[in-house]
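Protein chains in written order, with my numbering: chain A, 2 to 313; chain B, 2 to 313. In what follows, a single structure is set out as structure tokens and then discussed.
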């Protein structure tokens, strides 16, 4: 079944309409896909700079990746077993000139033109940390102490159309990744969960840290979700923005040796690396700021402005 | 037919190997899809800032868009008639839990898992200016003098796998768009073609301005290309980087009333707007700089550094 478009709560719908009316978000015609105004991007970029500065001052190496992933890597990752409903894959034309004409005619009439579309070697990026692991694995054994990567605010795709402005099909996920000894990784994850909490509270957001689970698919997924909760593998920063539930604005994920084994990442002593990643949702945090402090950043509390515009 | 991977010339292959060896580009396993190092991104971001500053000082409004386009918009645009071989479309899973298990098993074995993948409402972004036109059309009649939009360095997709490092499947295209009266638009396009030429020469690149054509598909495409050339609708900045031909690093495109009619964009007097767009290829310009001045920006000529790092 094609996914239903999730309806928004009354206050979510009102918030989205106000964002569009103010020009902060630009409608595309597809729910969960929006353009950004200059003001929206100015806030988002300041947030990205702040997160990268926090990482850089603690030794992070900056790497950047495009919004697509090799199909082979998605296949090997196990993502399709857990999140088949969220994954996107990239198709392209195969055919001759006559086929191209038929395809163009059908498309112009908004009819089905899938006949000549075939899978490419690429899929949409499911999570911003995915390309980090093979890139680090390719370097060979890690230096003592492991590595810390800032993968920046990268575009990621989730096929979950919704009229809730906090639920995007495509958004910037700012990922920080740690690859190291088991204890060091867990300690780093917990330290950053608390740093993230302080950071969001410093922005004047009513953030709370909680144990969480991923939106695994189906009945088997409900069991995976319970295990993930019980083992505290995923922590989230929740912020009330609009709607009956608070919105997850950041997550802090402990993978144990899942990616280390999958990609053959070795510590300096040859043992398998553990990994953890943090993901800050740029758009959700910007929406939290706009909802909490108003649509004009010039009128935000001085303490909040000082956090995001330290040089003004 | 599935596209063959284009082979690189000897010097292109050597350049790509050196970029990977130096860590400036990170291999993904798919030709034309790479990650970027901190140094690569630092140069790219300085270039983006410089282009946006040139636009902003001349009154451009900054808007930003994601790397996907509504399928309906691609269908209406005529893109599939001209460039079916370059377009990408986004597919996603439809099915129940049993289907999901079959799909996951096939994917894990690197077998064909296309059975349960169906077209979504989205395609890959073919050109960074595409979302600008409907966003401006939605505002109603334009103010006198029209509009000037800086759409920034947005990710665009072209399905043309190649071992030439200058030919990416996904890259940052920095688009500036002018929507106004016919004379104003043509004048703006030509003025920016000369500004772009000066800018690239100021970076120490041996750029030349030439009349060009798009890579239209098939036999009909060759006729379209000849017409485009004869009417000087497309200008390009060509820079020798590697390979037998210079590389197009920027293009300056006059659309006449194509997008204005298509999206119903009206000037202040109610007549149909003309449009033009400029696209600077971030990665190609960065590669031109690295090839011309060496892999360490600290050792670049002072005059080039002053253009990109004016505050140092």
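Think of the CB as a built atom: it goes at the ideal place given N, C-alpha and C, for glycine as much as any other residue. The model shown is predicted, which means the values in this text are computed figures rather than measured ones.
- In this structure the stretch 251 to 260 of chain B touches the stretch 272 to 291 of chain B; the number of beta carbon pairs closer than 8 Å is three or more.
- Taking 9 Å as the upper bound on Cβ-Cβ separation, chain A lies near no residue of the stretch 280 to 301 of chain B.
- Inclusion of residue 234 of chain B and residue 133 of chain B in the CB contact set at 8 Å is not warranted, their separation being larger than that value.
- Here residue 207 of chain B carries a coil assignment [DSSP, helix/strand/coil].
- The beta carbon of residue 85 of chain A falls within 8 Å of a beta carbon belonging to chain B, placing the residue at that interface.
- Apart from sequence neighbours up to five positions away, the residues of its chain that approach residue 96 of chain B with a beta-carbon distance below 8 Å are 104 and 117, ordered along the chain.
- 8 Å or more divides the Cβ of residue 69 of chain A from the Cβ of residue 240 of chain B.
- By the Cβ criterion, the stretch 113 to 130 of chain B is in contact with the stretch 151 to 159 of chain B, since at least three pairs of Cβ atoms, one from each stretch, lie closer than 8 Å.
- One alpha carbon belongs to residue 179 of chain B, the other to residue 78 of chain A, and they sit about 44 Å apart.
- Around residue 181 of chain B, the same chain offers 147 as residues with beta carbons nearer than 6 Å, after the five sequence neighbours per side are excluded.
- With fewer than 16 neighbouring CB atoms inside 10 Å of its own CB, residue 299 of chain A falls in the exposed class.
- Interface annotation, residue 180 of chain B: not in contact with chain A, CB-CB separation never under 8 Å.
- Of all residues in the stretch 84 to 114 of chain A, only 85, 86, 88, 89, 90, 91, 92, 93, 94, 95, 98, 101, 104, 105, 108, 109 and 111 place a beta-carbon less than 7 Å from a beta-carbon of chain B.
- Counting only unbroken stretches of 3 or more residues, the beta strand (DSSP E) elements lying wholly within the stretch 215 to 293 of chain B are 235 to 240, 248 to 257 and 275 to 282, in sequence order.
- Per DSSP, the continuous beta strand (DSSP E) segment holding residue 124 of chain B begins and ends at 118 to 125.
- For residue 157 of chain A, the uninterrupted beta strand (DSSP E) run begins and ends at 148 to 158, by DSSP.
- Residue 216 of chain B counts as exposed, since fewer than 16 other beta carbons sit within 10 angstroms of its beta carbon.
- Look at residue 181 of chain B here: in three-state DSSP terms it is strand.
- For the stretch 121 to 142 of chain B, the beta-carbon criterion of a distance under 8 Å to any beta-carbon of chain A is satisfied by 121, 122, 123, 125, 132, 135, 136 and 139.
- By DSSP's assignment, residue 70 of chain A forms a beta bridge with A/124.
- Legend: CB atoms of the stretch 19 to 33 of chain B lying less than 8 Å from CB atoms of chain A belong to residues 27, 28, 29, 30 and 31.
- Looking at the DSSP output, residue 36 of chain B bridges to B/27.
- For residue 212 of chain B, the number of other beta carbons within 10 angstroms of its own is below 16, and it is reported as exposed.
- Contact note: residue 82 of chain B reaches chain A through 105, using a C-beta cutoff of 7 Å and chain order.
- At least one CB atom of chain B sits nearer than 8 Å to the CB of residue 39 of chain A.
- Distance from the CA atom of residue 207 of chain A to the CA atom of residue 295 of chain A, rounded to whole angstroms, is 15 Å.
- Judged by DSSP in its simplified three-state form, residue 13 of chain B adopts helix.
- Taking C-beta atoms as the reference points, residue 238 of chain B and residue 44 of chain B fail to come closer than 8 Å.
- With fewer than 16 other CB atoms across the displayed protein chains lying within 10 angstroms of its CB, residue 8 of chain B is exposed.
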